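Student:
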Amino acid sequence: MNGKIAAGAIVVIGAIAGVAMYWLQVYAFYEEAAFVPGEEIKLTLIEGGQAEPIIAEEVTGIDSESSPIRFRACFRTPMTQAMLTETYQIYTGAVPNVAPGWFDCFDAQAIGAALERGEAIAFLSEANIHPGVDRVVAVFPDGRAFAWHQLNAAASE
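Mapped onto this note's numbering, the consecutive letters of the sequence shown carry residue numbers 20 to 176.
1) If you draw a straight line from the alpha carbon of A127 to that of A118, how long is it in whole angstroms?
2) Note down, in chain order, each residue of its chain lying with its Cβ closer than 7 Å to the Cβ of E135, except the 5 sequence neighbours on either side.
3) Here's a check: name, in chain order, each residue in its chain whose Cβ is nearer than 7 Å to the Cβ of V114, leaving out the five neighbours to either side.
4) Please report the straight-line C-alpha distance between E145 and D153, rounded to a whole angstrom.
5) Find out if the Cβ-Cβ distance for the pair L64, T106 is shorter than 9 Å.
6) In chain order, which beta strand (DSSP E) runs of at least 3 residues are fully inside the segment 117-150?
7) Which of helix, strand or coil does DSSP assign to A34?
8) In terms of alpha-carbon separation, which member of T111, P160, R95, D123 lies closest to I81?
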């Protein structure tokens with residue numbers, strides 16, 4: 020009888036720990052991203068290399084102080100891909116990070132596939148927004164756009 024109680028206690032404790040770890044990873048450390056009005060999203064100019072604000076509408080985002088690569092944002096811009104490519108630095112090797120399922124405007128697999136097909140174009144938003152981390156923005160032809168943080172070459176040194 021004592022063995023059944025001990026085994027049952029182990030199973031219950033394991034289940035509680037599993038639920039707690041899931042909640043901590045998916046929900047606990049995320050918060051709504053804070054944006055400065057009029058400067059929500061920036062892109063880095065080809066000339067001069069300075070980041071400047073672009074027109075961004077309907078901006079929503081998440082962030083976390085626990086990790087510099089947990090930032091994700093979704094927004095719309097009336098700026099065309101043609102205008103953006105003439106003015107701002109293209110980001111090679113962009114790979115969006117998967118967002119929590121509840122942040123449903125950000126689909127990393129769809130964004131990544133669009134980047135591979137050349138449908139979306141990735142731009143450098145801000146280099147080294149945290150040490151070893153760049154902010155990247157992908158813009159679609161219809162004005163949908165997405166931002167995330169990605170490790171850069173300095174992170175692997």
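C-beta: ideal position from N, C-alpha, C; glycine also.
Model, not experiment: these values are computed from the prediction.
Tutor: Short version:
1) Going by the C-alpha atoms only, they are around 7 Å apart.
2) none
3) G131, Q169
4) 6 Å
5) yes
6) Listed in chain order, they are 140-149.
7) helix
8) D123
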